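Only one structure is covered here, and it is reproduced in the block below.
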């Protein structure tokens, strides 16, 4: 594989979007911020080594005689290894402190520049987006106006076309009516003047009367047919209603019978209370106010106001009947 061919990781990094939509490209990356202090340390170390290379006598371990330290001797004094080491430590500490302060200042300046760049790019992006939105709105309004004008022109053209078409159709209808009337008039004249019998007008009258009579008879027959259909429907409805009333009456009687068979003492008490209420009603309300005495047929057809069994009671009665039927021996 050649070195110029991009790897899959590089292709994915190139295809991936930038980490920030405002900062389209990172100005101060992590590699740059990590490389700057290392470069500073390297430059400081190279400068210190150059200093030591230029002044080799700083490495002498032995000290000069005491005459060297006289007040009148202006020659350069040599230092011991301990003094050189202490001086180197002091220089290195001050250099590290200064470089740390420079790095902090650089990081703060980078952070401020990044924030300002983000704010400025955001402001410019919002400004461009707002201008683009206004341009799009203006273009949309112009397009809608053109569409409305086109629709109006199309409506006017359609109205003109429909008007011309309606006029043409009305003219065609009038021409057809005139042609048909001319044909009918010609046929009637031929029938009146060329027929052997002279009572053609009377025959026309008789034909018109017979046609009118047939129409009246057809209308009356349709009305009679509708009346018969409604009568048959009413009869069926009455039959269905009577069947429903009979079924309801039968169900009520079955429920009353089940209640009477399961709780006869309740029914007796209920009937006694009902009779007492009826006597009190007859005593308090005159006979002419509540309709008088009913006839025997209505009294026989009336359903007794007995209490009815509930669904649970009906289910219990049905279970008891089933048990009794199963317990009965087969003949």
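Residue numbers (the UniProt record's numbering): 1 to 331. We put the CB at the ideal spot given by N, CA and C, even for glycine. If you're wondering where the values come from, they're calculated on a predicted model, not measured in any experiment.
Residue range of the alpha helix (DSSP H) that residue i falls in?
i, result
"residue 174", "81 to 194"
"residue 328", "Unbroken run through residue 328: none, as it is neither H nor E."
Report all residues from its chain with a CB closer than 6 Å to the CB of residue i; omit the five preceding and five following residues, and keep chain order.
i, result
"residue 337", "The displayed coordinates of the chain run from 1 to 331. Any statement about residue 337 would go beyond what the structure contains."
"residue 125", "none"
"residue 207", "none"
"residue 21", "Residue placement at residue 21 is poorly supported in this model, since its pLDDT is 49, which falls under 50; the coordinates are not used for a value here."
Within 10 angstroms of its Cβ, does residue i collect 16 or more other Cβ (buried), or is it exposed?
i, result
"residue 309", "buried"
"residue 60", "With a pLDDT of 45 at residue 60, under the threshold of 50, the predicted position of this residue should be treated as unreliable, though the coordinate-derived value follows. Exposed, since its Cβ has fewer than 16 Cβ neighbours within 10 Å."
"residue 275", "exposed"
"residue 259", "buried"
"residue 255", "buried"
"residue 328", "exposed"
Helix, strand or coil: how does DSSP classify residue i here?
i, result
"residue 263", "coil"
"residue 336", "There is simply no residue 336 to check, as the chain begins at 1 and stops at 331 in what is shown."
"residue 47", "helix"
"residue 285", "coil"
"residue 30", "helix"
"residue 310", "coil"
"residue 361", "As shown, the chain starts at 1 and ends at 331. That puts residue 361 outside it, with no answer to give."
Can you name, in chain order, every residue of its own chain whose Cβ lies under 8 Å from the Cβ of residue i, other than the five neighbours on each side?
i, result
"residue 132", "none"
"residue 55", "none"
Using a Cβ-Cβ cut-off of 7 Å (strictly less than) and excluding sequence neighbours within five positions of residue i, which residues of its own chain qualify?
i, result
"residue 305", "274"
"residue 360", "For the chain, the structure presents residues 1 to 331; residue 360 sits outside this window and is missing."
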